[in-house]
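Every position in the sequence shown, counted from 1, becomes a number in our numbering once 771 is added. Report on the following structure.
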Amino acid sequence: MEAEKWGRRIRAYRKLKGFTQESFAKELGISVSILGEIERGNRMPDDSLIVEIAEFLDVSIDELSPQ
């Protein structure tokens, strides 16, 4: 459940900032399949990846975090 919430928020912010899955995954240095798993809620991003995602999207971790 927690992974699904993170995934939905990450996807929403990625789209809001105008990134495709392919371009965003490339910037993060991960595969598109891993990003897809995260966005679908099948995989929980580790803490370091959450920090990197927040920094790259220029949002705080609090904004990105599911409440």
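Ideal Cβ positions, reconstructed from N, Cα and C, are used throughout, including at glycine. None of the values given here were measured: they were computed from a predicted structure.
Residues near residue i in its chain [Cβ-Cβ closer than 6 angstroms; skip 5 each side]
| i | result |
| --- | --- |
| L835 | R780 and A825 |
Same chain only: Cβ atoms within 8 angstroms of residue i, ignoring 5 sequence neighbours per side
| i | result |
| --- | --- |
| I801 | L820 |
| L799 | L806, L820, E823, I824 and F827 |
Reference residue i; option with closest CA among the options
| i | options | result |
| --- | --- | --- |
| G778 | E823, I832 and M815 | M815 |
| L787 | D833, D829, Q838 and P837 | D829 |
| E773 | D833, D818 and G812 | G812 |
Within 8 angstroms, strictly: CB atoms of residue i and residue j
| i | j | result |
| --- | --- | --- |
| E810 | R782 | yes |
| P837 | K776 | yes |
| F790 | L806 | no |
Within the segment 803-829, ranges of the alpha helix (DSSP H) (whole runs, at least 4 residues) = List check, alpha helix (DSSP H) in window: 803-811 and 818-828.
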